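Asker:
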Amino acid sequence: MTLCAACERTGGGGSGREPVLLGEVLASAALELAGASRAAASPSGTRTADSSSTTCRMCGAPARWHRTPRGRWILMEPGDRPTGSVPAGRRWRIAGDGTAVYLASSLPSDTCRVSHFDFCPAR
21 MTLCAACERT
31 GGGGSGREPV
41 LLGEVLASAA
51 LELAGASRAA
61 ASPSGTRTAD
71 SSSTTCRMCG
81 APARWHRTPR
91 GRWILMEPGD
101 RPTGSVPAGR
111 RWRIAGDGTA
121 VYLASSLPSD
131 TCRVSHFDFC
141 PAR
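Just so we're on the same page, the working numbering is the position in the sequence shown counted from 1, plus 20.
Structure below.
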C-alpha cells in the first residue's frame with residue numbers, strides 16, 4: 021500500500037493489520053440498517069404516535085398512515101416488498117420513529133415499502 025510522505029515518517033504503514041475493503045464495510049452496514057428497519061416496521065414492534073392502522077375508504081384493504089419528513093401523511097401498504105418488484109420512484113422506508121422516508125437508491129436484495137395510493141385496486 022502506498023502512503024504519503026507524512027504517513028511514512030510516522031510509521032503509519034506498519035500496523036500489521038489487513039486493509040479493510042470499503043465494499044465489505046458498506047455491505048455489512050446496509051444489512052444492519054435493513055434489519056433495523058424491518059424490526060421497526062414489524063407489526064410486533066412498538067407502535068408510535070405518528071402512525072395509525074386503518075383501512076382504505078375506497079377498497080377496504082388494511083393500511084397504515086405514516087408521517088413524511090416534511091410533515092405530510094402517506095398511507096402505506098403493510099409489509100415489505102423486494103425492491104426489484106417496485107418501480108424506482110415508488111420505494112419507501114419506514115424509519116425507527118415511524119416516519120416514511122423516500123428511498124432513492126437501494127440494493128437489489130433489499131426490501132422497501134410502498135404507498136397504498138400506488139397499488140389501490142379501486143383507483
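Every residue gets a Cβ at the ideal spot worked out from N, C-alpha and C, and that includes glycine.
All figures in this text were calculated on a predicted structure; none of them were measured in a lab.
(1) Assuming A83 and M96 make a contact with CB atoms under 8 angstroms, what is their CB distance in whole Å?
(2) Under three-state DSSP, which class holds R110?
(3) May I have the straight-line CA-CA distance separating R90 from A142, to the nearest angstrom?
(4) Quick one: give me the first and last residue of the beta strand (DSSP E) that V89 is part of.
(5) With D138 as the anchor, note down where its alpha helix (DSSP H) starts and where it stops.
(6) Where does T66 fall in DSSP's three states?
(7) Report back the beta-carbon spacing between T88 and A120 to the nearest angstrom; my notes put them in contact at under 8 angstroms.
Answerer: Taking the coordinates as given:
(1) 6 angstroms
(2) helix
(3) 27 angstroms
(4) It is Pro, not Val, that sits at residue 89 in the sequence shown. Counting along the chain, P89 falls outside any beta strand (DSSP E), and DSSP gives it neither H nor E.
(5) H136 to F139
(6) Low confidence applies here, because T66 scores a pLDDT of 39, under 50, leaving its location unreliable; read the following figure in that light. Residue state, collapsed to three classes: coil.
(7) 5 angstroms
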